[in-house]
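K.L.:
Here you go, one structure.
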Amino acid sequence: MTDFQLIADRVEIEALRGEFTDCAMTRDYDRLASLFTEDGALRMPNIPAELIGREQMRAFGRRVPTLVDFLVQNSHPGHLSLDGDTAVGRTYMQEIGRSSDGRSELNWAIYHDRYRRTGDGWKFTERVYEVRYQDTTPLKGTPR
Numbered sequence: 004m005t006d007f008q009l010i011a012d013r014v015e016i017e018a019l020r021g022e023f024t025d026c027a028m029t030r031d032y033d034r035l036a037s038l039f040t041e042d043g044a045l046r047m048p049n050i051p052a053e054l055i056g057r058e059q060m061r062a063f064g065r066r067v068p069t070l071v072d073f074l075v076q077n078s079h080p081g082h083l084s085l086d087g088d089t090a091v092g093r094t095y096m097q098e099i100g101r102s103s104d105g106r107s108e109l110n111w112a113i114y115h116d117r118y119r120r121t122g123d124g125w126k127f128t129e130r131v132y133e134v135r136y137q138d139t140t141p142l143k144g145t146p147r
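Numbered per the working numbering, the sequence shown spans residues 4 to 147.
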């Protein structure tokens with residue numbers, strides 16, 4: 004693998020991670036599902052939710068507006084290790100949101116990621132969300 008290919012792979016994976024956050028923020032779960040391989044998995048034990056495959060991700064996304072009043076998600080790049088057509092990495096997260104029933108949450112978390120190069124570019128094969136800090140103090144602000 005050339006240095007140029009390694010750089011290109013890293014840039015593409017960073018774009019994939021950023022696009023996931025954009026999908027979550029804009030509630031575009033059809034596009035979010037397309038970021039995963041067909042058999043990809045999104046695991047969020049804190050919810051709890053384990054979504055296997057694109058259709059489960061889309062179905063979960065259709066329910067989000069009834070469950071979540073608002074969500075703001077900030078991602079920060081972490082470790083990334085490439086090995087040919089596969090890679091592993093971490094994305095550090097900060098989220099703030101309120102559920103439809105009025106519960107609030109502020110958390111800091113890590114996505115533990117697995118990636119695979121496909122004919123359509125790099126895709127997630129798995130994302131596992133690990134909450135490291137959680138604050139459920141009622142939010143005083145108002146979403147805009």
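We put the CB at the ideal spot given by N, CA and C, even for glycine.
Remember, it's a predicted structure, so these values are computed and weren't measured experimentally.
Give the range of the beta strand (DSSP E) segment to which Ile3 is assigned.
P.N.:
The structure shown does not extend to residue 3, since the chain spans only 4 to 147, so no value can be given for it.
K.L.:
Rounding to the nearest angstrom, what Cα-Cα distance links Gly122 and Ile16 in this structure?
P.N.:
Locating residue 122 in the sequence shown gives position 119, where the first residue counts as 1. Locating residue 16 in the sequence shown gives position 13, where the first residue counts as 1. Going by the C-alpha atoms only, they are around 14 Å apart.
K.L.:
Are the region 42 to 61 and the region 89 to 103 touching, with three or more C-beta to C-beta distances below 8 Å?
P.N.:
no
K.L.:
What's the call for Arg20, buried or exposed, on a 16-neighbour Cβ count within 10 Å?
P.N.:
The residue you call residue 20 lines up with position 17 of the sequence shown. Buried, by the Cβ-count rule.
K.L.:
Where DSSP assigns a beta bridge to Leu109, which residues make up the other side?
P.N.:
Walking along the sequence shown from the start, residue 109 turns up at place 106. Looking at the DSSP assignment, Leu109 forms a beta bridge with Ile99, Asp138.
K.L.:
Helix, strand or coil: which one does DSSP assign to Pro80?
P.N.:
Here the question's residue 80 lines up with position 77 in the sequence shown. Strand at Pro80.
K.L.:
Looking at Leu9 and Phe23, is the spacing between their C-beta atoms short of 8 Å?
P.N.:
Along the sequence shown, one-based indexing puts residue 23 at 20. Along the sequence shown, one-based indexing puts residue 9 at 6. It is not a contact, given that the beta carbons lie outside the stated cut-off.
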